[in-house]
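Respectively, the protein sequence lines represent chains A and B.
Numbered according to the numbering used here, the first sequence spans residues 1 to 459.
Numbered according to the numbering used here, the second sequence spans residues 1001 to 1315.
By construction, the Cβ of each residue, glycine as well, lies at the ideal position given by its N, Cα and C atoms.
Please read all numbers here as calculations on a predicted model, not as lab measurements.
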Amino acid sequence: MRENLHRFFRAARGAGVHVSPAESIDAMRAVSQVGLTNRAILRDTLLLTLAKSQDEKLALGDCFDLFFSQPEPRQDQPEANDNDEPSQGSDQSASSGSDSDAGGGQPQQRLGPLAQMLLSQDRNAIQAAIASASGAASLSDIRYSTQRGIFSSRILDAMGLQRLRDDLDELTGTNPALAERLRAALDALREAVRDTVSQGLALYAREEAENLRNEILRNAPLARIERRQVAEMRALIRQIARRLRERYSKPRKRQRRGHLDVRRTLRRNAAWGGVPFLTAWKRKHRDRPKIVALCDVSGSVAQVSDFFLLLIHSLHEVVDDVRSFAFSSHLIEVSEILEKKSPEEAMAEIMSKVGFGSSDYGSALVDFEKDFMSALTPQTTVIVLGDARSNNLDPRADILRRISERSKRLVWLNPEGRLAWGFGDSEMPRYATFCSVVRQCATAQQLERAVSDIVATYQ
Amino acid sequence: MADQKASTAIEAVESGLAAQGYIASRQIATAVYLSQQIEKPILVEGPAGVGKTELAKAIAAWRGKKMIRLQCYEGLDEAKALYEWKYAKQLLYTQILKDKLGEVLGGAQTLHAALDQLHDFGDVFFSKEFVEPRPLLQALEQPGGCVLLIDEIDKSDAEFESLLLEILSDFQVTIPELGTVSAITPPTVILTSNSERDLGDALKRRCLHLHIGFPEQRLEERIVESRVPGISQTLRRQMVGFIHEIRSLDLKKLPSVSETIDWARVLVLLQASELDTEIVKDTLNVLLKYEADIEAATPQVTTFIAKAARSNVFG
Chain A
1 MRENLHRFFR
11 AARGAGVHVS
21 PAESIDAMRA
31 VSQVGLTNRA
41 ILRDTLLLTL
51 AKSQDEKLAL
61 GDCFDLFFSQ
71 PEPRQDQPEA
81 NDNDEPSQGS
91 DQSASSGSDS
101 DAGGGQPQQR
111 LGPLAQMLLS
121 QDRNAIQAAI
131 ASASGAASLS
141 DIRYSTQRGI
151 FSSRILDAMG
161 LQRLRDDLDE
171 LTGTNPALAE
181 RLRAALDALR
191 EAVRDTVSQG
201 LALYAREEAE
211 NLRNEILRNA
221 PLARIERRQV
231 AEMRALIRQI
241 ARRLRERYSK
251 PRKRQRRGHL
261 DVRRTLRRNA
271 AWGGVPFLTA
281 WKRKHRDRPK
291 IVALCDVSGS
301 VAQVSDFFLL
311 LIHSLHEVVD
321 DVRSFAFSSH
331 LIEVSEILEK
341 KSPEEAMAEI
351 MSKVGFGSSD
361 YGSALVDFEK
371 DFMSALTPQT
381 TVIVLGDARS
391 NNLDPRADIL
401 RRISERSKRL
411 VWLNPEGRLA
421 WGFGDSEMPR
431 YATFCSVVRQ
441 CATAQQLERA
451 VSDIVATYQ
Chain B
1001 MADQKASTAI
1011 EAVESGLAAQ
1021 GYIASRQIAT
1031 AVYLSQQIEK
1041 PILVEGPAGV
1051 GKTELAKAIA
1061 AWRGKKMIRL
1071 QCYEGLDEAK
1081 ALYEWKYAKQ
1091 LLYTQILKDK
1101 LGEVLGGAQT
1111 LHAALDQLHD
1121 FGDVFFSKEF
1131 VEPRPLLQAL
1141 EQPGGCVLLI
1151 DEIDKSDAEF
1161 ESLLLEILSD
1171 FQVTIPELGT
1181 VSAITPPTVI
1191 LTSNSERDLG
1201 DALKRRCLHL
1211 HIGFPEQRLE
1221 ERIVESRVPG
1231 ISQTLRRQMV
1241 GFIHEIRSLD
1251 LKKLPSVSET
1261 IDWARVLVLL
1271 QASELDTEIV
1281 KDTLNVLLKY
1291 EADIEAATPQ
1301 VTTFIAKAAR
1311 SNVFG
């Protein structure tokens, strides 16, 4: 039973539920209280002790159903083993006995246990045997889909495939009809084992596969993400945003204490003759973080800015005051769209309004200076995301200089590699002179680091 | 055999809570049973008004224990939740004793001798006398145990959560002046949260995590039955069905169980025998708390009533 629970914990981790050793101990204690027979109660118990949020509860519930739809190998195994060995022994003695006795006994009696089981067509026994064999082959160690073949053959070996082959060879000569039946049964068995392995893969391999995929995604160039990966990338960006939020939204209250507030201290302690038992402190003044984001959504960088807007969208909880603007050539404010709509709707709306055009940084900057220059204060951090490719039009770097002068910092995140800056129609070197920070920002990981740095300066 | 015992014990929890007018789903009952068996607090999450706080009250009433409630809010700190040191009282006593100090010291000549004399008094000076227990300490000090409700933990600050950790895992608390105070009988602890802020992992891992959502139709009918006894069966079915339809709308605040009960009371008061468009429109403000929500729901009322009636035929 314990072994079984451990396998379930591993499967739960695969399903994305964080199960620490301490939690697994709690779950074991709880399970020992309620027992294993009532599956509904067992399910409730595991959900109560392991899952820490509603999402995890759903994932764990699915995982539980999948896991316990399999027969339980460990409970059956000792039994199966007990059966196996004596039966094999008795088999041999019986067969040798019958050989020496009469020589013409029933053909089935000379067959191995697996062949007998297959021919008897006892489906429950076969299922139990598969389960115990997959236990013996430690199916729970399966990690990658490429391992399917090896695990299948391991399970079949553990079930006694070798003996079955010998039986088949022998039968083909003596009893072709029976051999045919046995061969068909073997094919069915192979299929059943393959299903078991696939199920095992679904249960145990998810975690590893997901980690690997995330790692690859994290370092993949945002601009060259394939269509089918976009959804996964979105999920990853959201995960990053959540992590940033957790990291930076917690300690906001701390470090507020400044100097002793003498007046308030005296007033609070008037009752004790001015002996200062309770102290009152002046609150430190802190910068309210303000971010203004300018995002290039023209055709060439549209996908990157899509992810960037998504991150800004999720970061609203960390930074109170974010204003976002999007442009190809014409620039509009998109803060409200990002705040009011779901990420997908917001992206679609922004793209339909200003997206996919050919970029003209000059006219976008003119638009910004005309309408939104007042949004900048000496506390503002301005973030520009774009490749600075302005189709050989006037870059208006002078406006960027004025933006830089009015704000605290100007950060430029460029999805192109440094090698490409300054070549062709890239105006990056000219803009870079007015930026406090210039960074390459082509992968999710770089994006995370860049945003993390920006937010960290406000803590 | 242990299994049999467990499932009957869980049923006992269900019926025990039901006797207090709290209709619990099997999951809730399992959580209550487990928290007792492995001495772990329950963290209850879910939308407002589904009976998170009620659960604590029902457990206390069922077990005949005192309920101590700590309402959390932003800025809640040690002094208000755990204990407060009564400096003023201490100071007052010192002032009174000042004149007697000569006697205590008994003419000790050196500082060392004086300190030796004073040592005997140190323990009295830092004693329970000067501690004012607040809810958390009170809960630990109940000789017969109690139900400790820490309500809306998500409203408090992250620091406060850390303060709770010692109490939640070991049922003890350390007071610097006195040492460690352990619970005489571990209290049953219920924490509630509306998920306004994400709670820390350390807190979550010390608790059983129970999510109470909107109940299923049958369960909600039973809840109404136990809370509003005067209501007829047809009306009960219709109104619960209607509320389930309302919950499928995209509203600012969905009606929860407490609203269902309020509405049932209102309908009984108005002596309604079954739902009709008129009466629903008149009383919709009991269910929905925002003008925009009422506006969104009003055009649907007739269809929803029809749907609720139809589902009853098959249900």
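Tell me, which residues are paired with B/His1211 by DSSP?
-> B/Glu1045
Using a Cβ cut-off of 7 Å (strictly closer), state whether A/Arg29 contacts chain B.
-> yes
Closer than 7 Å by beta-carbon distance: list the chain B residues that pair up with A/Phe68, in chain order.
-> Those do not exist, as A/Phe68 stays about 15 Å from chain B at its closest Cβ, beyond 7 Å.
Contact list for A/Thr49 against chain B, beta-carbon separation under 9 Å | Leu1034, Ile1038, Lys1040, Leu1208, His1209
Can you say whether B/Lys1204 is buried or exposed, counting buried as having 16 or more other CB atoms within 10 angstroms of its CB?
-> buried
Alpha carbon to alpha carbon, what distance is there between B/Thr1174 and B/Pro1143?
-> 18 Å
What span of residues does the alpha helix (DSSP H) with A/Cys63 cover, start to end?
-> 54–68
Please go through the same chain and pick out, in chain order, the residues whose beta-carbon is closer than 7 Å to the beta-carbon of A/Leu217, but skip the five residues on each side of it.
-> Gln229, Glu232, Met233, Leu236, Ala444
Is there contact here, the segment 349–365 of chain A with the segment 393–411 of chain A, by at least three beta-carbon pairs under 8 Å?
-> yes
Closer than 8 Å by C-beta to B/Gln1004: which residues in its own chain qualify, once you throw out the five before and the five after it? Chain order, please.
-> none
In the DSSP assignment, find the alpha helix (DSSP H) that holds B/Tyr1033 and state where it starts and stops.
-> 1026–1037
Output the boundary residues of the alpha helix (DSSP H) element that contains B/Gly1102.
-> 1101–1105
Using a threshold of 7 Å, state whether the C-beta atoms of A/Ser335 and A/Val354 are closer than that.
-> no
Same chain, Cβ closer than 7 Å to B/Ile1223, neighbours up to 5 away in sequence not counted = Ile1023, Pro1215, Val1257
When DSSP labels each residue in this structure, what does A/Pro113 get in the three-state scheme?
-> helix
In the DSSP assignment, find the unbroken alpha helix (DSSP H) run with B/Lys1080 in it and report its ends.
-> 1078–1081
CB-CB under 7 Å to A/Ala11, same chain, minus the five flanking residues each way: which ones, in chain order?
-> Cys63, Phe67, Leu203, Tyr204
So B/Gln1071 is in the beta strand (DSSP E); what residue range does that whole segment cover?
-> 1066–1071
Option nearest B/Val1124 by Cα separation, candidates B/Leu1149, B/Leu1136, B/Tyr1093 = B/Tyr1093
Excluding the five sequence neighbours on either side, which residues of its own chain have a C-beta within less than 6 Å of the C-beta of B/Glu1039, listed in chain order?
-> Pro1186
Nearest-angstrom Cα distance between A/Lys370 and B/Asp1151?
-> 51 Å
At 8 Å on the CB atoms, spell out the chain B contacts of A/Ser20, in chain order.
-> Arg1205
Interface residues of chain B around A/Phe277 at Cβ under 9 Å?
-> Tyr1087, Ala1088, Leu1091
Would you list the one or two residues that DSSP bridges to A/Phe327?
-> A/Asp296, A/Leu331
A/Trp281 at chain B interface by Cβ criterion, 7 Å | no
Could you give the residue range of the beta strand (DSSP E) that holds B/Thr1298?
-> Neither: B/Thr1298 is in no beta strand (DSSP E) and is coded neither H nor E.
Inter-residue CB distance, B/Val1301 and B/Ala1264 (contact presumed, cutoff 8 Å) = Going by Cβ atoms, the distance from B/Val1301 to B/Ala1264 rounds to 17 Å, so no, they are not a contact pair.
Given a threshold of 16 other Cβ atoms within 10 Å of its Cβ, counted over all protein chains shown, does B/Gly1156 qualify as buried or as exposed?
-> Here the sequence assigns Ser to residue 1156 of chain B, which means Gly is not the residue at that position. Buried, because 16 or more other Cβ atoms sit within 10 Å of the Cβ of B/Ser1156.
Buried or exposed (CB count within 10 angstroms, at least 16 for buried), B/Leu1111 = exposed
Helix, strand or coil: which one does DSSP assign to B/Glu1177?
-> coil
Apart from the five residues on each side of it in sequence, which residues of its chain come closer than 8 Å, Cβ to Cβ, to A/Ile126?
-> Met117, Leu118, Leu189, Ala192
Report the neighbours of B/Ile1010 on chain A: residues whose CB is nearer than 7 Å to its CB, in chain order.
-> Ile41
Given A/Asp26 as reference, the closest of B/Lys1065, B/Arg1218, B/Ser1035 once Cα atoms are compared = B/Ser1035
Would you tell me roughly how many angstroms separate the C-alpha atoms of A/Arg406 and B/Glu1161, rounded to the nearest one?
-> 41 Å
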